[in-house]
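Trainee:
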Ligand code: ADP
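Residue numbers (the numbering used here): 60 to 218.
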C-alpha cells in the first residue's frame, strides 16, 4: 500500500524551511500531500490561490508532491486523502509545545493518523513566514528565506 503523508500549514508564504520539510518527507513517503489551510483568509497576506501557486512553483521538480487546499479538521482531511501520517516541522524552542499539543488533539480525533515531526535544519531554525514578511516590509534582503518567485510576489504585494 502507498505510504502517504499530509503536511498541513498556512504557508503565507512558503519558505525554504517548509520546502526542506517537503523534500525530506518526499524521501520518506511514497506521496506527500501539502495541505494549505483555507480558513484564516483575513489574517493572511496572500489568498489561498496565491499561497498554493507559490508552493506549486517551489515543488514542481518533486513528482510525488501534491498541493491542495483544505478547510476540514487536519486529522480528518489527512484520513480522507488516504494519509496515515501528519508531518510537521520543528524549530528550536518555539514549535515543540505547540506541536505536542496538536499531535495529541489529532490523536484524540483519530488514532488512524500518526504525527511525525522533522527537525528543522540548522540554517532554517529561525526562519518563519511572519519574520520573512516583516523583513520584506522593512526593505531587508530575503534571498536566504524564500525562492525568487516568492520574493517577487512578496515585494509586489507589499508595494
Ligand atoms: P501553521 O499555521 O500550521 O503553523 P505554517 O505555514 O506556519 O502553518 O507552518 C507549517 C509547518 O511548517 C509547521 O509544522 C511549522 O512548524 C513548519 N515550519 C515553518 N517554518 C519552518 C522552518 N523554518 N523549518 C522547519 N519547519 C518549519
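Backbone N, C-alpha and C fix where the C-beta goes; we use that ideal spot for every residue, glycine too.
If I measure Cβ to Cβ from residue 97 and keep anything under 7 Å in the same chain, skipping five residues before and after, which residues do I get?
Mentor: 107, 128, 129, 130
Trainee: Within the present structure, is the beta-carbon of residue 152 separated from the nearest heavy atom of the ligand ADP by less than 8 Å?
Mentor: Residue 152 Cβ: outside cutoff for every heavy atom of the ligand ADP.
Trainee: Where do the ends of the alpha helix (DSSP H) carrying residue 98 lie?
Mentor: Looking at the DSSP string, residue 98 is not in any alpha helix (DSSP H), and its letter there is neither H nor E.
Trainee: Give me the Cβ distance between residue 73 and residue 135, rounded to the nearest whole Å; I'm assuming they're in contact under 8 Å.
Mentor: The pair is not a contact, with the Cβ atoms about 24 Å apart (cut-off 8 Å).
Trainee: At which residues does the beta strand (DSSP E) containing residue 129 begin and terminate?
Mentor: 124 to 129
Trainee: Pull the bridge partners of residue 149 from the DSSP assignment, please.
Mentor: 178
Trainee: Going by the CB atoms, is the gap between residue 184 and residue 75 shorter than 9 Å?
Mentor: It is not a contact, given that the beta carbons lie outside the stated cut-off.
Trainee: Considering only heavy atoms of the ligand GTP, does any lie closer than 8 Å to the CB of residue 158?
Mentor: Absent from the structure shown: the ligand GTP. Ligands present: the ligand ADP.
Trainee: When burial is assigned at 16 or more other CB atoms within 10 Å of the CB, is residue 212 buried or exposed?
Mentor: buried
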